[in-house]
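**Q** Anchor point for the sequence shown: position 432 equals 432 in full-length UniProt numbering, and the numbering is continuous, going up by one each time. I'd like to ask you about the structure that follows.
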Amino acid sequence: MALSTLSSSSSSSTLSLNTSLFNKPLNPKPSSFSLLRPRRRTPLLAAANNPISGIVFSDTPYPQSETLYDDKPREECGVVGIYGDPEASRLSYLALHALQHRGQEGAGIVAVHNNVLQSITGVGLVSDVFNETKLDQLPGSLAIGHVRYSTAGQSMLKNVQPFVAGYRFGSVGVAHNGNLVNYSTLRAELEESGSIFNTTSDTEVVLHLIATSKQRPFILRIVDACEKIEGAYSIVFVTEDKLVAVRDPHGFRPLVMGRRANGAVVFASETCALDLIEATYEREVYPGEVIVVDKEGVQSLCLMAHPQPKQCIFEHIYFALPNSVVYGRSVYESRRQFGEILATESPVECDVVIAVPDSGVVAALGYAAKAGVPFQQGLIRSHYVGRTFIEPSQKIRDFGVKLKLSPVRAVLEGKRVVVVDDSIVRGTTSSKIVRLLKEAGAKEVHMRIASPPIIGSCYYGVDTPSSEELISNRMNVEEIRKFIGSDSLAFLPFDSLTRLLGNESPNFCYACFSGNYPIEPKELKVKRVGDFVDDGLNGSLESIDGGWVQANRNIKEVKVGGT
């Protein structure tokens, strides 16, 4: 179903934007910004000018198998954009590989060649979707790419980004990281005016808003669309001759800018993507900024007057790779310091410190160094387990955790063990890990969590359960300790976290820890991150189970400390 049926007009209207900024070269720091800084499916591929309409379906059903639920918050996706390199699509492919941790269920690249937007998208890992032959079909010096993670429902090709749409004045491709809190309202308004939707993605709403905007030129259509959406968005757009990067006024999700030796400009969700393709990190895309790259160079303009930044603290706790620099801070150093704080404020007599791999490793190293206790690999993670696996008919206790994590008896037997993890969400995985360690001979198991207790759902691009499912919203620390079966339990104190961040502390979003939301949802229910309509499913969005998170009106007071 193409979006070319959407109406658009060239008539103009007043927009609160200083367009004179558009013609000025990008300063190193514009004055308008103030920053304190499944088992996988066989890949399904579509190559077309408009992949929203060019859908390919597989006749192969999903295997009947047990789903391995990863009891962690989940990031929705990662994005990349490259302008000015003759191998833009191949570099995008490599950058997406570096961002694979941000989404494993679908990948896509849109490249521009001879003023035509060519797209290849598929379900699976980046290496599943792309090969030499596919990349040869994406020539050109301008490209964007996307890796995605879906929530409820299956990961479908039609939901895999980047999306491409044709409208009256040309074509546009878009890749989006984030979540819109006014998605339902915007979609209803667009449908009322005749728009037809083919997915449940926030990104399609953005495309419709651009196509129906009355602003000219194209960049003002983007600005007009972004002034209507609320929530978290770091987006890269591509047209026949432009690459555009946009970050929401709060800067919830990261987006960085770099440059290769040949002058090519690169945007990516994390600096680790820049490192792999030998691009030098220049700076972040500032909250509320629009950056346009074309043959005239690089221009920057302010999307709108923006409030204080509210950058997601979970990038430093869990999402980003340790070798990335996010919001101007080293992720590795942040996690190491989290571990040191836990060792200082929640010490315990122990013989060995281990981590829940991989996200707990750096915090565990910090804890061990500060406590003067050896760090060892007490849990070995299997990197070859997909999201589903067929279990034998004779049930195996804690099957999912045992597939992923194997205890090392030589490290654990007879020892008092401190195990460091990044977070506790529902508590079910933590209880299984504690049981696994004790079954391997650990004398004592002391759980240390390198984040404060999570008491609220996220509406800004992180897939978290409803507040009712969050164990820290239902139990105090001692009750959680009893539930997971550890000998002691301590979280990173919220005050210690903000003290560590110092003057930058007000620039972070702590809604999942405090229940204080920078943008309060105006709707009773907020669409969960990702897409949740299965192939062939028809009906109202409200009828789909598992796709919505209730907007929280009453959040319990933050609980910190240990026992």
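Here a beta-carbon is modelled for each residue, glycine too, at the ideal position from N, C-alpha and C. These numbers come from a predicted model, not from an experiment.
Can you name the residues that DSSP bridges to Cys-312?
**A** Along the sequence shown, one-based indexing puts residue 312 at 312. Beta-bridge pairing links Cys-312 to Cys-509.
**Q** On the premise that Val-419 lies in contact with Ile-484, defined as a C-beta separation below 8 Å, what is that separation, rounded to the nearest angstrom?
**A** Counting from 1 along the sequence shown, the entry for residue 484 is found at position 484. Counting from 1 along the sequence shown, the entry for residue 419 is found at position 419. Wrong, their Cβ atoms sit about 11 Å apart, outside the cutoff.
**Q** Measuring CA to CA, which of Val-80, Val-353, Lys-402, Val-362 is closest to Val-411?
**A** Taking the sequence shown and counting its residues from 1, one reaches residue 411 at position 411. Nearest option by C-alpha distance: Val-353.
**Q** Just to confirm, are Val-246 and Val-205 a CB contact at a threshold of 8 Å?
**A** In the sequence shown, counting from the first residue as 1, residue 246 sits at position 246. In the sequence shown, counting from the first residue as 1, residue 205 sits at position 205. No; because the gap between Cβ atoms is not below 8 Å, this pair is not in contact.
**Q** How about Gly-515 and Ile-480: do their beta carbons lie closer than 8 Å?
**A** Counted from its first residue, the sequence shown places residue 515 at position 515. Counted from its first residue, the sequence shown places residue 480 at position 480. Going by C-beta atoms, Gly-515 is not nearer than 8 Å to Ile-480.
**Q** Excluding the 5 residues flanking Leu-91 on each side, which residues of the same chain have their C-beta closer than 7 Å to its C-beta?
**A** Within the sequence shown, numbered from 1, the residue matching residue 91 stands at position 91. So the qualifying residues of the chain are Ile-82, Asp-85, Ile-277.
**Q** Per the DSSP calculation, Gly-81 is bridged to which residue(s)?
**A** As a first step, residue 81 must be located in the sequence shown, where it is residue number 81. Paired residues: Ile-144, Phe-267.
**Q** Exposed or buried, what is Asn-323 when buried is set at 16 or more other beta-carbons lying within 10 Å of its beta-carbon?
**A** Translated into the one-based positions of the sequence shown, residue 323 becomes position 323. By the 10 Å Cβ count, Asn-323 comes out exposed.
**Q** Using only the alpha-carbon positions, how far apart do Pro-254 and Lys-432 sit?
**A** Start at 1 with the first residue of the sequence shown, and residue 254 comes out as number 254. Start at 1 with the first residue of the sequence shown, and residue 432 comes out as number 432. Each residue's Cα considered, the two are about 33 Å apart.
**Q** Is the Cβ-Cβ distance between Gly-194 and Val-160 less than 8 Å?
**A** As a working note, residue 194 is residue 194 in the sequence shown. As a working note, residue 160 is residue 160 in the sequence shown. No; because the gap between Cβ atoms is not below 8 Å, this pair is not in contact.
**Q** Bridge partners of residue 567, per DSSP?
**A** Since the first residue of the chain shown is 1 and the last is 563, residue 567 is not available in this structure.
**Q** What are the residues that DSSP puts in a beta bridge with Ala-232?
**A** Locating residue 232 in the sequence shown gives position 232, counting from the first residue. DSSP output for Ala-232 lists Asn-179 as bridge partner(s).
**Q** Could you check which residue in Phe-338, Asp-128, Phe-399, Gln-215 has the C-alpha nearest to that of Ile-313?
**A** Counted from its first residue, the sequence shown places residue 313 at position 313. Looking at the Cα atoms, Phe-338 is the closest of the given residues.
**Q** Once you ignore the five residues that flank Ile-519 on each side, which residues in its own chain have a CB closer than 8 Å to its CB?
**A** Counting from one through the sequence shown, the residue named residue 519 turns up at place 519. The answer, listed in chain order, is Val-181, Glu-230, Gly-231, His-250, Tyr-459, Tyr-460.
**Q** Is Val-361 buried or exposed, if buried means 16 or more other CB atoms sit within 10 Å of its CB?
**A** Counting from 1 along the sequence shown, the entry for residue 361 is found at position 361. Counting Cβ neighbours within 10 Å, Val-361 comes out buried, since at least 16 surround it.
**Q** Could you tell me which residues DSSP puts in a beta bridge with Ile-354?
**A** Against the sequence shown, residue 354 aligns to sequence position 354. Beta-bridge pairing links Ile-354 to Val-419.
**Q** How many angstroms separate the CA atom of Pro-506 from the CA atom of Gly-372?
**A** Here residue 506 refers to the residue found at position 506 of the sequence shown. Here residue 372 refers to the residue found at position 372 of the sequence shown. Computed Cα separation, rounded: 33 Å.
**Q** Of the choices His-113, Ser-346, Gly-106, Gly-441, whose alpha-carbon is the least far from that of Gly-414?
**A** For the purposes of this step, residue 414 is taken as residue 414 along the sequence shown, with counting starting at 1. Closest by alpha carbon: Gly-441.
**Q** Starting from Tyr-281, trace the beta strand (DSSP E) both ways and give me its first and last residue.
**A** Position 281 of the sequence shown, counted from the first residue, corresponds to residue 281. Start and end: 279-284.
**Q** Apart from the five residues just before and just after Ile-210, which ones in its own chain have a Cβ nearer than 7 Å to its Cβ?
**A** Reading the sequence shown from its first residue, position 210 is the one you call residue 210. Cβ within range, chain order: Val-172, Arg-221, Ile-222, Ala-225.
**Q** Starting from the C-beta of Thr-498, find all residues in its chain whose C-beta is less than 6 Å away, skip the five residues before and the five after it, and write them out in chain order.
**A** If you number the sequence shown from 1, residue 498 lands on position 498. Here the set comprises Ser-505.
**Q** Classify Gly-263: buried if its beta carbon has 16 or more other beta carbons within 10 angstroms, exposed otherwise.
**A** The count along the sequence shown starts at 1 and reaches residue 263 at position 263. Label assigned to Gly-263: exposed.
**Q** Extract the residue ranges of the alpha helix (DSSP H) inside the segment 432-478, only unbroken runs of 4 or more that lie entirely within it.
**A** Counting whole runs of 4 or more residues, the segment 432-478 contains the alpha helix (DSSP H) stretches 471-474.
**Q** Quick check on the DSSP output: the beta strand (DSSP E) that includes Gln-488 runs from which residue to which?
**A** Here residue 488 corresponds to residue number 488 of the sequence shown, with the count starting at 1. Note that residue 488 is Ser in the sequence shown, not Gln. Where Ser-488 is concerned, the enclosing beta strand (DSSP E) stretches over 488-491.
**Q** Go through its chain and collect everything with a Cβ distance to Ala-279's Cβ below 7 Å, but skip five positions before and after it.
**A** Residue numbering aside, residue 279 sits at position 279 when the sequence shown is read from its first letter. Taken in chain order, the residues that qualify are Gly-258, Arg-259, Arg-260, Val-266.
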